[in-house]
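Just so we're aligned: 96 in the UniProt record's numbering is position 96 of the sequence shown, and the numbers increase by one with no gaps anywhere. Have a look at the structure below before the remarks.
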Amino acid sequence: MAHDGQGGVVEQPVVLANLLELTGAAVAPIEQIFDAARAAVRARVEEDGRISGRLIEVHQFAAHGLAWLATYAESLRQMHGWAERLVAEGTFGEVEQLLLQIAFGEYISQISGGIQMNQGEMVRLTDLG
């Protein structure tokens with residue numbers, strides 16, 4: 001970054017004061033979003049009460065997107081649990097807090113705006129139903 005003569009010291013804390021409260025509160029709504037998406041995709045790929053390989057192929061983009069959403073939801077759940085364990089052990093330092101904060105910020109942003117599945121495909125919640 002170019003030096004413009006301004007001081008580079010950040011006076012305000014970077015880590016959110018109520019980080020674990022915020023991440024914990026985010027897990028259930030993300031799970032609800034995933035559950036709704038799973039039900040919507042299932043409705044597209046189910047035939048006679050069973051998942052149809054043919055319909056999975058027809059709705060491959062939605063199925064692939066659902067897999068990505070599932071991965072994101074589980075990642076956030078696991079990261080929150082990891083942070084709680086570190087707090088209990090007394091080892092939840094600034095680096096760990098920043099990792100948690102960045103992961104939640106990035107993944108929630110992608111879930112709401114679009115998950116980049118590869119260089120050419122981005123899935124949005126509207127694509128899943």
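Just so it is clear, CB atoms sit at the ideal spot from N, CA and C, and this is done for glycine as well. Since we're looking at a predicted model, the values are computed, not measured.
Ranking A73, G49, V45 by CA distance to the CA of Q60 puts V45 first. Of all alpha-carbon atoms in L20, A17, D35, the one lying nearest the alpha-carbon of L69 is that of D35. Looking only at V123, Q119, E21, N118, the smallest Cα-Cα distance to S112 is reached by V123.
Between the alpha carbons of A88 and L76 lies a distance of about 19 Å.
The beta carbon of E11 sits closer than 8 Å to no other beta carbon from its chain once the five residues preceding and following it are set aside. Per DSSP, the unbroken alpha helix (DSSP H) holding D35 starts and ends at 19-45.
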